[in-house]
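Inspection log for the structure reproduced underneath, given as structure tokens.
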């Protein structure tokens with residue numbers, strides 16, 4: 001309080017000191033993880049002194065922590081009005097713009113940071129990351145050819161065997177409580193379930209939720225309790241604490257999870273699989289709403305895509321993506337409570353019937369406007385009316401908006417999530433807007449509690465709170481800005497008879513004589529090559545008595561990327577066959593590399609197989625002795641002996657015919673090793689992009705043409721017409737794939 005009868009200068013000085021004291025209190029709240037409390041103190045400081053730019057930059061940082069990115073951008077802009085050379089303001093505005101997927105605008109901010117402070121390493125790093133995002137987005141836009149086929153296409157679960165040494169409960173055709181109990185314990189100890197079971201769970205639940213209405217309508221039976229949970233965000237051990245305190249799902253205890261199961265936390269796949277398993281087991285007593293983090297853009301940035309690739313493969317992520325787009329957007333509980341992730345609408349005329357009639361299957365992603373976006377993104381505010389979003393996405397709605405909506409639709413309240421609440425929940429808008437958040441100590445930085453709501457047959461709401469529990473110190477795979485294959489595991493794996501990855505770590509790779517060799521190879525060759533060939537449809541009598549009889553049936557065959565060493569230069573090459581019109585086959589890929597397949601009947605192997613077509617990187621090639629080549633191993637279903645294909649001469653023989661001295665045909669020595677660093681930039685998106693270069697709908701056409709002199713029968717892309725600059729730049733700068741213009745007439749193969 002300013003004492004009376006002070007001179008104007010003394011009054012200003014007193015107010016300035018009070019403002020500084022409030023700012024310092026805000027700093028203490030920030031350090032303690034109470035970011036909303038920090039915002040409150042910074043706001044009070046600004047009320048006393050709105051000419052101090054650091055007050056705005058401090059509040060901007062607190063807003064970033066509360067995901068109020070729109071407010072953070074506004075505060076940083078105000079700070080720059082007061083001090084156009086304030087580096088922190090540019091930096092924090094850049095962070096906020098990146099977080100809401102506006103990297104082009106963020107580039108301008110980080111450029112200004114670097115100009116004002118050339119030694120700012122963080123700003124330089126963010127600048128390069130944002131440039132990378134922009135190039136990637138341009139690349140993906142240039143190669144977009146419409147809807148992709150389903151990731152389930154070509155997936156044959158019946159032919160996918162589970163190893164005999166798998167130590168978990170087996171999953172047959174239907175989900176069981178025994179399997180769920182075992183899965184819970186496996187996840188607690190850091191184990192995974194077999195990839196076949198992952199596919200089974202996702203595909204089963206995808207069909208279940210696809211058949212549900214956009215707004216599921218349910219009533220609570222007399223002997224049942226319903227628990228409504230908010231965001232869990234990959235915090236698996238906190239979800240276990242919730243179940244410990246409140247009871248696990250059963251026929252008398254229903255659950256509704258209100259979106260944002262994934263991203264940010266380190267166990268998003270575990271939570272998603274567990275919730276899906278319960279949904280499969282109890283489809284009429286376990287409910288799932290979609291959140292704004294069950295979307296592709298958010299998953300690429302906030303960790304779920306990278307986690308899926310690291311723990312399983314990209315096919316798992318794409319199947320999850322398809323299932324997320326099928327999730328209901330809301331649940332109507334007893335005609336009294338509308339439960340949805342975000343909030344209400346920009347139009348007062350929207351009713352429950354509009355939600356019922358919304359065809360979510362025609363719009364997989366929420367976009368930037370419309371009912372779906374608003375249901376996933378909007379937030380409440382204390383002021384009446386509507387206001388701009390503090391996030392920079394969607395909008396905010398006041399108490400009057402909520403009152404009119406509830407009265408018009410005969411509701412008691414709207415239950416939503418989407419925002420951290422320090423007590424785990426908050427009741428606003430005269431009891432008509434309730435927020436529940438179930439991720440305590442959010443992101444290990446916010447000192448909030450978690451909460452859930454129990455609703456009985458009388459439809460009375462009972463709020464329960466709980467605290468975070470200890471968990472393993474495993475960092476989440478946040479990609480802010482985006483990295484295409486963050487957190488992927490090393491490669492150099494053998495494929496078992498059903499395409500499952502074995503020995504994913506190079507040190508676990510077997511030698512040809514059965515002893516471990518991976519570590520030795522890595523020590524001799526810091527950047528060994530990795531690669532694969534494919535098997536063709538071949539007729540004949542077999543290979544020198546050593547060939548295995550393969551069944552007369554179709555199955556997916558691996559065909560993936562190479563990383564080769566050319567005079568010490570790391571380069572990537574994508575293997576593909578344009579005439580086969582391949583489609584994605586991620587079940588046959590390693591955790592780090594996507595794969596393509598075609599379906600062909602496999603008969604007896606009668607002759608050497610030609611290598612896959614691939615993209616050359618440099619004009620020259622080393623001698624054969626300087627080239628490190630790798631093999632892929634295939635075995636017929638039900639057989640234990642492996643077939644090996646030489647990458648140099650393409651001959652395919654049984655495992656035993658390859659000796660330590662190398663291939664018996666060309667005598668080249670073959671290595672089985674690889675590292676994460678080598679294949680980090682070989683993402684499946686690039687692979688798919690290279691394939692679609694041959695799309696005849698484009699004004700330019702790519703054709704495959706063999707180039708003599710390349711080891712292993714490497715092929716080149718022959719481009720007719722002008723290759724788009726954004727694709728050329730991305731391939732050269734980010735993926736080190738250099739296009740080599742070549743003249744000449746079409747070969748017979750081209751025709």
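Residue numbers (full-length UniProt numbering): 1 to 751.
In this text, a Cβ means the ideal position worked out from N, Cα and C, and glycines have one as well.
Nonlocal neighbours in the same chain, by C-beta distance under 8 Å from residue i, ignoring five residues either side
| i | result |
| --- | --- |
| residue 223 | 252, 457 |
| residue 351 | 408, 409 |
| residue 372 | 329, 358, 360, 363, 366 |
| residue 240 | 184, 188, 469 |
Reduced DSSP secondary structure (H/G/I, E/B, other) of residue i
| i | result |
| --- | --- |
| residue 764 | With the chain covering only 1 through 751, there is no way to say anything about residue 764. |
| residue 667 | Here the model assigns residue 667 a pLDDT of 47, short of 50, so the residue's position is not dependable and the matter cannot be decided. |
| residue 254 | strand |
| residue 19 | helix |
| residue 364 | coil |
| residue 340 | strand |
| residue 537 | Low confidence applies to residue 537: its pLDDT is 24, below 50, so where it sits in the model is not reliable enough to give any reading. |
| residue 218 | strand |
| residue 152 | coil |
| residue 476 | coil |
| residue 265 | coil |
| residue 172 | coil |
| residue 213 | coil |
Limits of the unbroken alpha helix (DSSP H) element including residue i
| i | result |
| --- | --- |
| residue 61 | 53 to 65 |
| residue 77 | 69 to 82 |
| residue 201 | 195 to 210 |
| residue 752 | Lying before the first or after the last residue shown, residue 752 is absent from the chain, which here runs from 1 to 751. |
| residue 757 | A query on residue 757 cannot be resolved here, the shown segment of the chain reaching from 1 to 751 and no further. |
| residue 39 | 35 to 48 |
| residue 160 | It is not in any alpha helix (DSSP H) - residue 160 carries neither H nor E in the DSSP assignment. |
| residue 90 | 87 to 99 |
| residue 183 | 177 to 188 |
| residue 104 | 103 to 116 |
| residue 244 | 236 to 246 |
| residue 443 | Careful: residue 443 lies outside any alpha helix (DSSP H) and carries neither H nor E. |
| residue 326 | 314 to 326 |
| residue 297 | 296 to 302 |
For residue i, the nearest candidate out of the options (CA to CA)
| i | options | result |
| --- | --- | --- |
| residue 334 | 271, 220, 460 | 220 |
| residue 463 | 471, 434, 440 | 434 |
| residue 212 | 138, 187, 241, 323 | 323 |
| residue 268 | 158, 235, 282, 123 | 235 |
| residue 126 | 137, 99, 311 | 99 |
| residue 166 | 154, 194, 173, 190 | 194 |
| residue 81 | 355, 53, 429 | 53 |
| residue 366 | 121, 291, 209 | 291 |
| residue 394 | 369, 415, 418 | 369 |
| residue 31 | 447, 470, 200 | 447 |
| residue 755 | 301, 112, 186, 460 | The structure shown does not extend to residue 755, since the chain is modelled only from 1 through 751, so no value can be given for it. |
| residue 337 | 382, 258, 276, 184 | 258 |
| residue 84 | 405, 115, 386, 103 | 115 |
Same chain only: Cβ atoms within 6 Å of residue i, ignoring 5 sequence neighbours per side
| i | result |
| --- | --- |
| residue 375 | 329, 340, 342 |
| residue 26 | 38, 41, 42 |
| residue 56 | 75, 78, 79 |
| residue 60 | 72, 75, 76, 92 |
| residue 468 | 238, 440, 441 |
| residue 265 | 233, 234, 235, 476 |
| residue 319 | 151, 202 |
Neighbourhood of residue i by C-beta distance below 7 Å, restricted to the same chain and skipping five residues each side
| i | result |
| --- | --- |
| residue 68 | 390, 391 |
| residue 286 | 249, 254, 255, 278, 279 |
| residue 311 | 192, 269 |
| residue 71 | 63, 390 |
Residue range of the unbroken beta strand (DSSP E) whose run includes residue i
| i | result |
| --- | --- |
| residue 409 | No beta strand (DSSP E) holds residue 409; the alpha helix (DSSP H) holding it covers 399 to 409. |
| residue 462 | 461 to 466 |
| residue 331 | 330 to 333 |
According to DSSP, residues forming a beta bridge with residue i
| i | result |
| --- | --- |
| residue 289 | 258 |
| residue 435 | 416, 426 |
| residue 387 | 396 |
| residue 226 | 254, 455 |
| residue 354 | According to DSSP, which records beta bridges pairwise, residue 354 is partnered with nothing at all. |
| residue 231 | 437 |
| residue 380 | 397 |
Closer than 7 Å: residue i CB and nearest the ligand HEM heavy atom
| i | result |
| --- | --- |
| residue 168 | No copy of the ligand HEM appears in this structure; indeed no ligand is present at all. |
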